[in-house]
Structure formats: structure tokens, C-alpha cells
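Structure record follows, encoded as C-alpha cells.
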Amino acid sequence: MARPLGESFFERGAETVARDLIGCYLVRKRGQKLFKHRITETEAYTGPHDLACHAARGRTMRTEPMFGPAGTLYVYLVYGMHWMLNVVTEPVNYPAAVLIRSVDTITGPGRLTKTLGITGALNNRAAAVRNGIWFVKDDHLDPLQVVRTKRIGVEYAGPIWSPKPYRFISIAHRHTRPS
DNA sequence: GGGAGGATGGAT
DNA sequence: TCCATCCTCCCA
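Taken in order, the first sequence gives residues -7 to 171; the numbers are from our numbering.
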């Protein structure tokens, strides 16, 4: 399988990265077990101007990972119980990220992290083999076709940013929750 | 120091 | 439709 996606892949706009991650693999190693899942749903959080992006409210302890290098993991707790897995995009000091919402057999960002054992322990670490979590592209497989919708659960971001079509879903998996 | 609210998911 | 559950951030 192809080698892990690195900084050059993630050091682009969050929309572009979110789109390109559809069809790529998320790989997780726990002990001797390797879990490889094809990514089917993502969302882009595009920067400090994006009112749905945590970084829109400034550089804080929580958002610090988003200011790090492309490919950094941003893992935070939502609703007091669900870990959300994000990967940071854009160059250092530009806070943007992509939320991994679903993979082939696991729908929902909270279920994804729970199933793969992803917690805040991985926050601010690089997506890399040495950390037991990384991304790969497989050029031998056909890329999945993609549709775009608005993002889930960001009504608070207001009439401009809430409807932005920054959610990407594989067509073959578009039953993955209505929007 | 206090309070509101959230990038969800499971039960009712 | 309800609510579990707790961290973050804003305000005083």
C-alpha cells in the first residue's frame, strides 16, 4: 500500500483536503492489530473567518493544535462524551482542519473514535505511523464519487457560514445520514 | 467563581 | 424529542 500521506498533502486548503480524503484510508494500529478503513465522509473547517471553525474565536489552549503544522491531529471532546477526530490543514499558524465523520463500516464521528480507540491522548500529535494513526491513498482503486452538503450541527455559525457546502460524502454512502 | 452551550448518539 | 456529561470560554 502507498506510503502515509504527509505534510504536503495536508498543507492545502481544508476544502481541497476534505474532498481528497474521500476514498483514502484511515489506518489505526492498536497493539498488533491494524485497522484500515476507507474514508466516506468529511467536513472542512476553513479558517479563522469561518464562524463554524473553533479557531474563529481565537487562539486558545483548545485550538492550539490547529495552528500547528499540516497533518497534526486535533482531537477534542464534544458534548462531554464524544471525541472528534480532525486533521490540521494549511501551513503553520493558519488554523484550519478537516473533521473525519465516517468511514466505510463506521458512521458518525463519535462512533468512529470510540470504535478505533481515538481519544485526547492523540491530540496535537502528527498523523504518522509512529503514533499508530495515519492516512494513505491507494492509486490503484477508483476514487469515490462525491456529493457536497452543508455541515452538521453548526447552525450557531449563522446564515452565511452554516449553509456552506463543506461536508463531503461518498455517493455510494450518501444514505449516511440526511442533511 | 459561575453559567451557558456544544462539529453526538442512543433511548423514548 | 429528550438528555447524558463535562470541557471551554465568556462574563463578572
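Every residue gets a Cβ at the ideal spot worked out from N, C-alpha and C, and that includes glycine. This structure is a prediction, so every number in the text was calculated from the model and none was measured.
Minimum C-alpha distance to V138 - residue among E3, E35, R22 and D130: E35
CB-CB length for N116 against L65, believed under 8 angstroms: Contact annotation, N116 with L65: C-beta distance approximately 7 angstroms; criterion of less than 8 angstroms satisfied.
Buried or exposed by the 16-neighbour rule on C-beta atoms within 10 Å, applied to E7: E7 comes out buried.
Straight-line gap, P151 to N123 (C-alpha atoms, nearest Å): 39 angstroms
Pairwise C-alpha distance: T32 and P135: Approximately 11 angstroms, taken between the alpha carbons.
Through-space distance from A164 to R(-5), alpha-carbon basis: A direct Cα-Cα distance of roughly 26 angstroms separates R(-5) from A164.
Boundaries of the alpha helix (DSSP H) in which L108 is found, first to last residue: P101 to L108
Proximity winner among Y158, R166, A62 and G112, relative to Y86 (alpha-carbon distances): Out of Y158, R166, A62 and G112, A62 has the C-alpha closest to the C-alpha of Y86.
Sub-8 angstroms separation of A44 and A149 beta-carbons: Result yes, Cβ atoms of A44 and A149 sit closer than 8 angstroms.
Nearest neighbour of R30, chosen from G109, R51 and F127 [CA to CA]: F127
Contact between the stretch 93 to 101 and the stretch -3 to 13 (3+ Cβ pairs under 8 angstroms): Output reads no: the stretch -3 to 13 does not touch the stretch 93 to 101.
Reference G145; option with closest CA among Y71, S162, D131 and K106: Y71
Inter-residue spacing [alpha-carbon to alpha-carbon] between Y158 and D130: 24 angstroms
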